[in-house]
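Everything below concerns the one structure shown next.
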Amino acid sequence: MNAPSADQLSLVLANTQTALNLVWTLIAAFLVMFMQAGFALLESGLTRAKNVAHTMGMNFLVYAVGALGYWAVGFALQMGGTPAPASLGADPRAVSEISVTALGQTWGVFGSHGFFFDQPTPAIAALFVFQMVFMDTALTVPTGAMAERWRFAAFCAFSLLMSMFIYPVYANWVWGGGWLSQLGKNMGLGHGHVDFAGSSVVHMTGGITALIGAKLLGPRHGKYTPGGEPVGIPGHSVVLTVLGTFVLAFGWFGFNAGSTLSAMDTRLAVVALNTLLASAAGAVTATLYVWRRFGQPDVTWMCNGMLAGMVAITAPCAFVSTHAALLIGAIAGVLVVLAALFIEGTLKIDDPVGASAVHLANGTWGVVALGLFADGTYGDGTNGVTGTVRGALHGDTGQLWAQLIGIAANLLYVGGCSALGLWLVDRVFNNRVALHAEIRGLDLPEMGIEGYSAEYRGLSPSRAADGE
Amino acid sequence: MNAPSADQLSLVLANTQTALNLVWTLIAAFLVMFMQAGFALLESGLTRAKNVAHTMGMNFLVYAVGALGYWAVGFALQMGGTPAPASLGADPRAVSEISVTALGQTWGVFGSHGFFFDQPTPAIAALFVFQMVFMDTALTVPTGAMAERWRFAAFCAFSLLMSMFIYPVYANWVWGGGWLSQLGKNMGLGHGHVDFAGSSVVHMTGGITALIGAKLLGPRHGKYTPGGEPVGIPGHSVVLTVLGTFVLAFGWFGFNAGSTLSAMDTRLAVVALNTLLASAAGAVTATLYVWRRFGQPDVTWMCNGMLAGMVAITAPCAFVSTHAALLIGAIAGVLVVLAALFIEGTLKIDDPVGASAVHLANGTWGVVALGLFADGTYGDGTNGVTGTVRGALHGDTGQLWAQLIGIAANLLYVGGCSALGLWLVDRVFNNRVALHAEIRGLDLPEMGIEGYSAEYRGLSPSRAADGE
Amino acid sequence: MNAPSADQLSLVLANTQTALNLVWTLIAAFLVMFMQAGFALLESGLTRAKNVAHTMGMNFLVYAVGALGYWAVGFALQMGGTPAPASLGADPRAVSEISVTALGQTWGVFGSHGFFFDQPTPAIAALFVFQMVFMDTALTVPTGAMAERWRFAAFCAFSLLMSMFIYPVYANWVWGGGWLSQLGKNMGLGHGHVDFAGSSVVHMTGGITALIGAKLLGPRHGKYTPGGEPVGIPGHSVVLTVLGTFVLAFGWFGFNAGSTLSAMDTRLAVVALNTLLASAAGAVTATLYVWRRFGQPDVTWMCNGMLAGMVAITAPCAFVSTHAALLIGAIAGVLVVLAALFIEGTLKIDDPVGASAVHLANGTWGVVALGLFADGTYGDGTNGVTGTVRGALHGDTGQLWAQLIGIAANLLYVGGCSALGLWLVDRVFNNRVALHAEIRGLDLPEMGIEGYSAEYRGLSPSRAADGE
């Protein structure tokens, strides 16, 4: 056997790297997929036992409905205008992006290739799976804010719309080559709107929809006194809440570190560390703030503090120093408490699990934080602009502006579409369940099954000792 | 230092690929191992609280008992006649397969090397771990169908038998070089019986044993009226059911995509996508079908629909197009409902969690689906037959026949052995618990502990407020 | 384009290996992080419902508090004196180790570089994340032994101390280049104290602290009769206990196999196999022993048996044969029962979840087992001593002595510091809650929230049927 040539070796080596990148991206995607279980547990723990089959049911079916909607339309709108990253291997798809011309430049609006797509190559298959589970994360956020009163049929219809049209278009603007990612080129706005793993694309999108949905649905029966004072409605299981948060923190490593879409980009280790430290800082500052303000370290606030820290670090995780990551998380832990109290007390919007405070407020904070703290250690070639990403505190005010434009676009586009979508769905299905069903609990009226059976609820020590 | 030679580089590169393949295979195996938790949760959620320690206990111990039985005997019978795949590295084991000669050919029946094995190399260690957790998946299926009335000692004994003798022999026929995998060679039956990740090897094996076990045990007390009408016995926790399903869906990515046993085989990305889409299609069609038929979208059917989709795509996942995967999953979602109703209503077999409908009916469907929809895009060299695998709809009717022969062999061999094994175990231990224990709940009589303590069951708002 | 030179190819290949090693190490770290959820579930399941928010809260916050303490001080003390392993890539940190000279040699005591560290490279970031989650595993063990009566503020303060000072110093001695790892050099004590994945560093450290903490806190109200007889206080949920054990068994694959810190070290496959088999053996022998001794196969003992097997195999997993792994696990499964009964009945120490029996007794057994069964198939270059590691049964009695010295050092240093730390914390915060809070349940008095809400606890079949 002849010795292999350098070119042959080079090719085999490139294939090995591609395989490694695919494996890394897919394992990260599996972790992100598992976050669906985390949301289901978190939201169920923070709401009442009488609605638990409904809450679990929404969080379960959203995964499946979202996958089908994304397969049919969403993926094409989001990624149909740009090739898969080279790290994942060859992508022979035709791509095309619908665009408009303005300010002397062509701006991408949405992709137009790959509807109901079939016969994927490894690169596209991995990209689809990865992007799909991110989309589903955004999709499951509103189920928390709208829990305990959203009609199941309306939820299904709206989730399908969101997976097909609302999420993918904004995601195209940031990750699919669309106009927000182009703001850096010839416009002097840093590298355009940069969001490493989705503080805006995923979390703000989920969060603004959650806030609007909760507002449109109105508060739960009994949430406010006739005088407008909020009444605490405790969730039913701290076990589920904490377990859900751990599952989310576990999956979030895939969410953030996996967003390199490449194992060869060893910055992923720094991403993992920043994610861990921001999550810890958020949990600790939320605990301390609540402890001092309310006298006790409520466990559910600890959990929301950790989630807030992770949402906030999601955009900047690859671009900032360890100290900045800790600061970002620490601020998030306080911000989530303030935001939740503001939404409940001032806006009078009833968000049973604090989804808006976690995802909208801290998603926004994360996007801004990148525009402040990005320190120029990462980002060569991001969105066609050479050089590394720097925030305002490191010399590039344009980057901060690009971040703010991305925030405005999210609130306007996603907020507007979600409001419209929810209104449409309401016309067809009614968004809100009947009052008697809400008082009784949604499980039987909406889902046809009690989340906790009569046998379980009826167990008592004496009966258990005697047999039935 | 001299520059390395091309041969040296080539060797280091090969070692790197082997390391990558081992890591991929092991991580996939860890995910599959975690599916044990999914089954425990699913089955416990779908059964009653008074038996929960028993149901959890079976699902827990089956993992450990199965591991020991497989170590002592099963692995040798399954994989003792064939070397580990080259992707995992050198395998210096001696291998030998007991075989019979018929139709002018030698047919493998079971391996005969590696009992109580020791001193594994990396390749064999990884192969053992991977095959062991697959075996344990099959082993845990019957615990669902036989739940709430199977004596724990009998369960232990039968599970040991199944891990040692029943599963491994059939697995040898398909994956260990045995006769079903040889049907393609000189026989014109496609590539022989092909089952990428175990629709027949794992799921039909578990499912036929589950069905026979449930039949032999007889229905639970109160399951049928004196007139033979089935009575609904609700499970006790939708939370556990949904969480278990999510854990299974998470682990299933390892189950299917990991079955390449090689990260260098980038088809794994397509496998992951097909698995995801089939699972989603199954959940949605089950939901819609149940919604239309019974008026409400029962959450437990959603879960069984997703599981059915995953069982069905398990055999064909690497060989079919995206559209075929969606169709396979969509059919599975309806099939699981029809099969469950048939088993309960017509066969009068009481399978509390629907394990037979999920694993037997849809395992069969998955094996057939490969024989129909395999489209010739994958499979060079499968079982010594060159070229890609094609189903009947893509020109190779022989492949469909090989699939059907594999189904018949599973039903006859596994079904027969399981019936015999259960009969033997019944003679020694009695399979069924005493009626008074069943009525009271199995936890104390069988396991010596209540699954939910008296303190937990006795908590009430007033008592909690007052102290004990 | 010119063909790449051999040196260029060699460099790219080395980078690919580094990327693969980083990915393996990080995925393993994510699995270990998820073990926090396992401990939370296990400990909550084994304790009472009235304290569940407190138990979950401790297991949750310990992760965050530990991360911050480790970031500020712990990592520097542990790893500040030694470069990251070459497998993870270049480590340009300055390192320095505080050391003492004795017996004609310089002995490392703790690292002194990297406090409040920032700007990590990929190698250090991955190492930090990996070591941090190991530290947090040790940190969460005492919360089980001290459950149901530890004041939350005291728990927070002590956990911070432990993450900053207690764990890291001992870890430095074994894994950071400190004196225990140097015992082999010029001293003839094998390869020095060897602990592959932490039977001593993690589990003995957690276990001795747990035992001392439980002793200092005193038994729970009602645990012992006035005559000193222990009274059984059942945990509240077998579901949580079994689920927690499965999560731990899942994560343990990362714990042990990931401790290669290199995917290129394919011994990781053997480690995974040994871990699996030892865990199975421990579960089965614990089940059989308890079944025979007490007449029934209590599920919680099955779980502790599996955990014991995993703790015991953690030190020797890379160095022993399959048969030795099975034997180590089998002994662990019986030892955990005997140790728990001894601690409860003879020492009169109330450890609600058996943490001391699992982690201290079996951590010790695991360290000894390495000193007996290491068979010379692995370990070239461990701690600067060439050749493979051999235990006393394979010809190196010095290795067994090094193991025993490591055990003594752990008990003395960690035990002493933990006793001192707990005493200090007691002076400032009081370790023990008030009696009335303990009787009532800690959730409201300590955490400000009931773990299971009044609505959940108040559900009954009749009320659910009628609405509230």
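Residue numbers (our numbering), protein chains in the order written: chain A, 1 to 468; chain B, 469 to 936; chain C, 937 to 1404.
By construction, the Cβ of each residue, glycine as well, lies at the ideal position given by its N, Cα and C atoms.
Taking C-beta atoms as the reference points, residue 57 of chain A and residue 702 of chain B fail to come closer than 9 Å. In the structure shown, the three-state DSSP call for residue 920 of chain B is strand.
As summarised for the stretch 1002-1070 of chain C, the continuous alpha helix (DSSP H) elements at least 4 residues long and confined to that stretch are 1011-1015, given in chain order. For residue 1343 of chain C, the enclosing alpha helix (DSSP H) begins and ends at 1333-1345. Listed along chain A, the residues sitting closer than 8 Å to residue 1391 of chain C by beta-carbon distance are 48, 49, 50, 234 and 236.
Remark: three or more beta-carbon pairs, one from each stretch, lie closer than 8 Å, so the stretch 320-332 of chain A and the stretch 294-312 of chain A are flagged as touching.
Nearest neighbour of residue 1009 of chain C by Cα position, chosen from C:1101, C:1038 and C:1184, turns out to be C:1101.
Against chain B, a Cβ distance below 7 Å from residue 1206 of chain C picks out 588, 590 and 593. For residue 1134 of chain C, the secondary structure class from DSSP, reduced to helix, strand or coil, is coil.
The residues 47, 48, 51, 54, 55, 220, 352, 438 and 442, in chain order, have a CB closer than 8 Å to that of residue 148 of chain A in the same chain once the five nearest residues on each side in sequence are set aside. Rounded to whole angstroms, the gap between the alpha carbons of residue 942 of chain C and residue 128 of chain A is 36 Å. A contact is defined here as three or more CB-CB pairs under 8 Å, and the stretch 751-761 of chain B fails this definition with respect to the stretch 123-143 of chain A. Between the stretch 1146-1155 of chain C and the stretch 1118-1132 of chain C there are fewer than three inter-stretch CB-CB distances shorter than 8 Å, so the stretches are not counted as touching. Under the rule that a run must span 3 or more residues, no beta strand (DSSP E) segment is found entirely inside the stretch 481-527 of chain B.
Counting along the chain, the unbroken alpha helix (DSSP H) around residue 438 of chain A starts and ends at 435-440. Contact between residue 189 of chain A and residue 402 of chain A holds, with the beta-carbon distance rounding to 4 Å and staying under 8 Å. Listed along chain B, the residues sitting closer than 7 Å to residue 36 of chain A by beta-carbon distance are 714.
For residue 84 of chain A, the CB contacts under 7 Å within the same chain, skipping 5 residues up- and downstream, are 91, 123, 124 and 127 in chain order.
By the neighbour-count criterion, in which 16 or more other beta carbons inside 10 Å mark a residue as buried, residue 1363 of chain C falls on the exposed side. What residue 774 of chain B touches in chain A, judged by beta-carbon distance under 7 Å, is 64, going in chain order. Annotation: the continuous alpha helix (DSSP H) that includes residue 289 of chain A extends over 267-294.
When C-beta atoms of the stretch 654-673 of chain B are compared with those of the stretch 810-824 of chain B, fewer than three pairs fall below 8 Å, so the two segments do not count as touching. The alpha-carbon separation between residue 900 of chain B and residue 908 of chain B amounts to approximately 14 Å. Annotated three-state conformation of residue 413 of chain A is helix, per DSSP. When CB distances to chain B are screened at a threshold of 8 Å, the residues of the stretch 1235-1262 of chain C falling below it are 1235, 1236, 1238, 1239, 1242, 1257, 1258, 1259 and 1262, in chain order.
When rounded, the separation of the alpha-carbon atoms in residue 893 of chain B and residue 626 of chain B is 6 Å. At a cut-off of 9 Å between beta-carbon atoms, residue 1028 of chain C makes no contact with chain A. The bridge partners DSSP lists for residue 698 of chain B are B:692. Nearest CB-CB separation between residue 241 of chain A and chain B: not below the 9 Å threshold.
Positions of the alpha helix (DSSP H) runs, each at least 4 residues long and wholly inside the stretch 291-359 of chain A, are given as 299-314 and 322-345 in order along the chain.
In the three-state reduction of the DSSP assignment, residue 1099 of chain C falls in the helix class.
As a beta-bridge residue in DSSP terms, residue 858 of chain B pairs with B:843. Contacts with chain A (Cβ-Cβ distance below 8 Å) from the stretch 903-920 of chain B involve 904, 907, 908, 909, 918 and 920, listed in chain order.
No Cβ of chain C is located within less than 9 Å of the beta carbon of residue 99 of chain A. Per DSSP, the beta-bridge partners of residue 705 of chain B are A:452.
For residue 752 of chain B, the neighbours in chain A by C-beta distance under 7 Å run, in chain order, 64, 65 and 68.
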